[in-house]
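J.: In my numbering, each residue's number is its place in the sequence shown (first place is 1) plus 563. This is the structure I have questions about; it appears just below.
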Amino acid sequence: MTVALIPAKARRAGVVLGAVSAGLLVLSACDKPTPLATVTVGSDSVHSEAGCYNGGKALQTSTAQSCLNEKADHTITVGPDDTIGFGVDPALTDGDNGWALFLNGQQAEAQPSTATYRPIPAASFFQPDQTTGQAPKSVQVAIVESNKTSPSIRGIWHFELKMKSSD
564 MTVALIPAKA RRAGVVLGAV SAGLLVLSAC DKPTPLATVT VGSDSVHSEA
614 GCYNGGKALQ TSTAQSCLNE KADHTITVGP DDTIGFGVDP ALTDGDNGWA
664 LFLNGQQAEA QPSTATYRPI PAASFFQPDQ TTGQAPKSVQ VAIVESNKTS
714 PSIRGIWHFE LKMKSSD
């Protein structure tokens with residue numbers, strides 16, 4: 564049996580070359596994470612990456628509309644007297660970008676905000692329905708990144724606000 568002898572220096576170079584190649588392969592498969600949005604109530608908070616995001620560029624209208632109607636994966640429970648804090652990554656407020664809240668798929672604010680944190684009373688989200696008089700038990704909230712100079716949607720983050728039961 565014959566064994567090919569490879570000098571130690573060549574073996575080390577081969578190992579280094581293999582490690583570098585494997586590292587580059589792994590890095591090329593990674594996507595940059597989307598900016599985060601956070602909802603806080605008291606000491607509880609949930610955060611999420613965008614449900615729909617196009618690297619900060621405008622989403623197609625059909626994609627944005629479909630995404631606005633998706634249900635949230637992240638739920639936080641609120642009481643009627645709580646204050647809900649909405650926090651966004653500073654990237655959502657850079658330059659001409661801002662964000663607004665949509666409730667159950669409908670735009671709730673006329674102008675996008677450029678603040679990275681906004682506290683809003685929970686009661687604002689649980690107003691009684693005008694026809695039934697019943698307050699909703701939960702509300703789908705979307706944080707929507709848009710461009711202030713054009714009506715394009717750039718990202719959507721989904722959360723569900725669930726009212727604490729009075730039991």
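Think of the CB as a built atom: it goes at the ideal place given N, C-alpha and C, for glycine as much as any other residue.
1) Taking the alpha-carbon positions, what's the Ser701 to Phe689 distance?
2) Which whole-angstrom value is the C-beta distance of His637 and Val609, which I expect to be below 8 angstroms?
3) Under a three-way DSSP split, which group does Gly586 fall into?
4) Look at the Cβ atom of Ala654, then the Cβ atom of Pro598, and state whether they are nearer than 8 angstroms.
5) How big is the Cα-Cα spacing for Val651 and Glu708?
6) Taking the Cβ atom as the reference point for each residue, do Phe649 and Ile719 lie within a distance shorter than 8 angstroms?
7) How is the beta strand (DSSP E) around Leu655 delimited, first residue to last?
8) Exposed or buried, what is Thr694 when buried is set at 16 or more other beta-carbons lying within 10 Å of its beta-carbon?
9) Starting from the Cα of Asn710, find the closest Cα among Tyr680, Gln669, Asn660, Ala698 and give me that residue.
10) So, at 7 angstroms on beta carbons, what are the nonlocal neighbours of Ala686 in its own chain, with the 5 sequence-adjacent residues on each side left out?
11) Less than 8 angstroms between the C-beta atoms of Ala627 and Ile716, yes or no?
T.: If we stick to the structure as given:
1) What you label residue 701 is simply residue 138 of the sequence shown in a count that begins at 1. What you label residue 689 is simply residue 126 of the sequence shown in a count that begins at 1. Straight-line Cα distance between these residues: approximately 8 angstroms.
2) Looking up residue 637 in the sequence shown gives position 74. Looking up residue 609 in the sequence shown gives position 46. With a Cβ gap of about 4 angstroms, His637 and Val609 count as contacting.
3) As a first step, residue 586 must be located in the sequence shown, where it is residue number 23. Model confidence at Gly586 stands at a pLDDT of 49, short of 50, so the residue's coordinates are unreliable and nothing is read from them.
4) What you label residue 654 is simply residue 91 of the sequence shown in a count that begins at 1. What you label residue 598 is simply residue 35 of the sequence shown in a count that begins at 1. In this structure, Pro598 lies closer than 8 angstroms to Ala654 by Cβ.
5) Stepping through the sequence shown from its first residue, residue 651 is reached at position 88. Stepping through the sequence shown from its first residue, residue 708 is reached at position 145. The alpha-carbon atoms of Val651 and Glu708 are separated by roughly 10 angstroms.
6) Start at 1 with the first residue of the sequence shown, and residue 649 comes out as number 86. Start at 1 with the first residue of the sequence shown, and residue 719 comes out as number 156. Their beta carbons are not under 8 angstroms apart, which means Phe649 does not touch Ile719 by this criterion.
7) As a first step, residue 655 is located in the sequence shown; it is residue number 92 there, counting from the start. No beta strand (DSSP E) holds Leu655; DSSP gives it neither H nor E.
8) Counted from its first residue, the sequence shown places residue 694 at position 131. Classification for Thr694: exposed.
9) In the sequence shown, the residue the question calls residue 710 occupies position 147. Of the listed residues, the one whose Cα sits closest to Asn710 is Asn660.
10) If you number the sequence shown from 1, residue 686 lands on position 123. Only Pro643 meet the Cβ criterion.
11) On the sequence shown, position 64 is the one that residue 627 refers to. On the sequence shown, position 153 is the one that residue 716 refers to. In this structure, Ile716 lies closer than 8 angstroms to Ala627 by Cβ.
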